[in-house]
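To keep things clear, I will list the structure first and then write my remarks on it.
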Amino acid sequence: MLQESIAVKDVSPFHISTPSELLETPKEYQDLVKRQLTAHAEGELSGADDYVKLFYFLTNDPYEKAVCCELAKDELDHYQRAADILLDIGIDTSFMLSQNLNDRAFYATEAVKSCRNWAERALISTLVEDAVIDVLEEMAQSSYRPIADMCPHVLKDEKLHVGHGFRITRSMCKTKNGFKQIQEALIRNERVELRDIFTLEPKIQKARISRNPRTNEKVIVPEKKTVQFKMSKKWFININNE
Ligand SMILES: [Fe+2]
Ligand SMILES: [Fe+2]
């Protein structure tokens with residue numbers, strides 16, 4: 013008897029594989045698929061705008077400017093993948109390509125629109141794009157197969173985007189001024205949960221006796237405050253694609 017009930021639970025998961033199969037599902041299910049994908053497509057285009065209309069102008073570093081353009085290209089590719097699936101079910105989202113960021117109701121958050129400096133840009137990638145990864149991981153379980161199939165490629169790119177934000181954050185935290193800017197950006201985004209991402213911990217480096225390498229004279233190095241940057245295990249796995 014027990015074996016029978018286990019066998020019933022072991023049925024293959026429900027999947028809708030093609031647009032024509034989708035059209036045979038209840039209207040509520042179709043609406044859910046359409047709304048989720050439309051929001052996602054719009055969010056991806058907002059992501060491209062974030063990189064080239066906001067972040068690009070927050071740095072003078074040509075390498076970082078090039079990264080902004082590269083990552084905007086990724087976001088545009090993510091949009092296109094969603095747009096193709098939507099077009100297959102009769103929804104044309106090409107109007108979004110000429111939409112202004114402020115007209116995008118779904119994903120254009122105040123936290124992004126009001127980004128003022130490079131520290132805030134770094135935290136947006138580290139934290140906000142990480143939240144996008146959580147959404148994509150859920151979408152990867154979608155019962156509508158084209159959505160599930162779209163997600164692995166997008167997830168791979170997004171993990172790199174988050175990793176880049178994380179590296180900027182880590183490198184800024186190595187200087188006193190950079191650390192202060194990250195702290196201020198965190199205070200501004202104080203509602204963001206950081207427990208699973210990283211910790212920034214002030215450490216005291218004790219006073220010590222050292223030697224001047226040129227004269228070999230003994231010198232006293234006074235006590236100093238430094239910052240220890242510690243990545244969480246979850247983040248280590250995310251960045252290393254483990
Ligand atoms: Fe994306
Ligand atoms: Fe991204």
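If you're matching positions, the sequence shown starts at 13 in this note's numbering and goes up one per residue.
Glycine residues also receive a C-beta, built at the ideal position from the N, C-alpha and C atoms.
What you are looking at is a predicted structure, and each value in this text was computed from that prediction instead of being measured.
- Query: Leaving out the 5 sequence neighbours to the left and right, which residues in its chain are closer than 6 angstroms to Asp62 when beta-carbon positions are compared?
  - Reply: Once the five neighbours on either side are set aside, the close Cβ partners of Asp62 are Val124.
- Message: Nearest by alpha-carbon distance to Phe90: which of Arg179, Val166, Lys77 is it?
- Response: What sits at residue 90 in the sequence shown is His, not Phe. Of the candidates Arg179, Val166, Lys77, the one whose C-alpha sits nearest the C-alpha of His90 is Val166.
- Cα separation between Lys218 and Leu66? Whole-angstrom Cα-Cα distance: 42 angstroms.
- Query: Terminal residues of the continuous beta strand (DSSP E) containing Arg220?
  - Reply: Annotation for Arg220: the continuous beta strand (DSSP E) segment containing it runs 220 to 223.
- Measure the C-alpha to C-alpha separation of Asn228 and Asp73 and round it to an integer number of angstroms. In a straight line, the C-alpha of Asn228 is about 39 angstroms away from that of Asp73.
- Message: Can you find the residues in the same chain that come closer than 6 angstroms, C-beta to C-beta, to Ala6, ignoring five residues on each side of it along the sequence?
- Response: The chain is shown only over 13 to 254; residue 6 falls outside these bounds and no answer can be derived.
- Return yes when the C-beta of Glu229 is under 8 angstroms from any heavy atom of ligand 1, and no when it is not. Glu229 Cβ: outside cutoff for every heavy atom of ligand 1.
- Nearest residue (CA-CA) to Ser137, options Leu109, Arg179, Pro164, Gln111: With distances taken between Cα atoms, Ser137 lies closest to Arg179.
- Message: When you measure from the CB of Val144 to every non-hydrogen atom of ligand 2, does any distance come out below 8 angstroms?
- Response: For ligand 2, at least one heavy atom lies less than 8 angstroms from the Cβ of Val144.
- Message: Given a cut-off of 9 angstroms on the beta-carbon distance, is the pair Leu49 and Ala78 in contact?
- Response: No; because the gap between Cβ atoms is not below 9 angstroms, this pair is not in contact.
- Message: Can you determine whether any heavy atom of ligand 2 sits closer than 8 angstroms to the C-beta of His52, and answer yes or no?
- Response: Flag unset: Cβ of His52 not near ligand 2.
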